[in-house]
Amino acid sequence: MVKFPGEVMSSSAAVTVITGVLVFVGGQLIVKSAIEPYIEFKKQLGKISNLLLANQAKLANPCAVEMSEIIHELKDAAAQLMAKHSALPFYIKKFHIGFRFVPSTPEIISSAQKLNLIASIHEGKSKESTYEHIAEIGRMLKIPTTYSL
Numbered sequence: 001m002v003k004f005p006g007e008v009m010s011s012s013a014a015v016t017v018i019t020g021v022l023v024f025v026g027g028q029l030i031v032k033s034a035i036e037p038y039i040e041f042k043k044q045l046g047k048i049s050n051l052l053l054a055n056q057a058k059l060a061n062p063c064a065v066e067m068s069e070i071i072h073e074l075k076d077a078a079a080q081l082m083a084k085h086s087a088l089p090f091y092i093k094k095f096h097i098g099f100r101f102v103p104s105t106p107e108i109i110s111s112a113q114k115l116n117l118i119a120s121i122h123e124g125k126s127k128e129s130t131y132e133h134i135a136e137i138g139r140m141l142k143i144p145t146t147y148s149l
């Protein structure tokens, strides 16, 4: 028997309490190390999709007036994408049974580069069209980036 100050506890009750604590701690480890980073990564994909969809007209017209804020948001989205992907545990990045939970590392890097390229185009460093880059980001990250099918 395990004795506590002023009380006597049976060994089965102590085992139950210890098991409960271990299950709780184990569950919290799983949540904090795997589930929360995955959710944050998926949120970032949603933010990128929202950024590209909400500003589609401005991104299609490199001469738009309000581009400095969008340029900053594009660069920030690229940096956040890389950061949130690197925070994912390796087993989420590599685990797939016929489908992938997250895009591959080369797809993430290429998407971040394309977001920065779109920002550079709008800074006046290039006269390229951004539409193909936006569509490619959507294909690689498996997110909607245009209103077309």
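Just so it is clear: in the sequence shown, position 50 is 50 by our numbering, and no numbers are missing.
Glycine included, each C-beta is placed from N, C-alpha and C at the ideal position.
In chain order, I121 place their CB closer than 7 Å to the CB of E128, counting only its own chain and leaving out the 5 sequence neighbours on each side. By the Cβ neighbour-count rule, H72 is exposed, with fewer than 16 other Cβ atoms within 10 Å of its own.
As summarised for the segment 77-112, there are no continuous beta strand (DSSP E) elements at least 3 residues long confined to that stretch.
Taking a cut-off of 8 Å on C-beta distances, the segment 73-84 touches the segment 43-50, as three or more cross pairs fall below it. If you draw a straight line from the Cα of K32 to the Cα of R100, it comes to about 21 Å. A distance below 9 Å separates the beta carbons of I137 and L115. Cα atoms of K93 and M140: separation of roughly 15 Å, rounded to the nearest angstrom. Bounds of any alpha helix (DSSP H) do not take in E123, whose DSSP letter is neither H nor E. A14 is positioned such that its CB atom lies no closer than 9 Å to that of K75.
Burial check for P103: the Cβ neighbour count within 10 Å reaches 16 or more, so the residue is buried. Between Q113 and A78, the C-beta spacing is below 9 Å.
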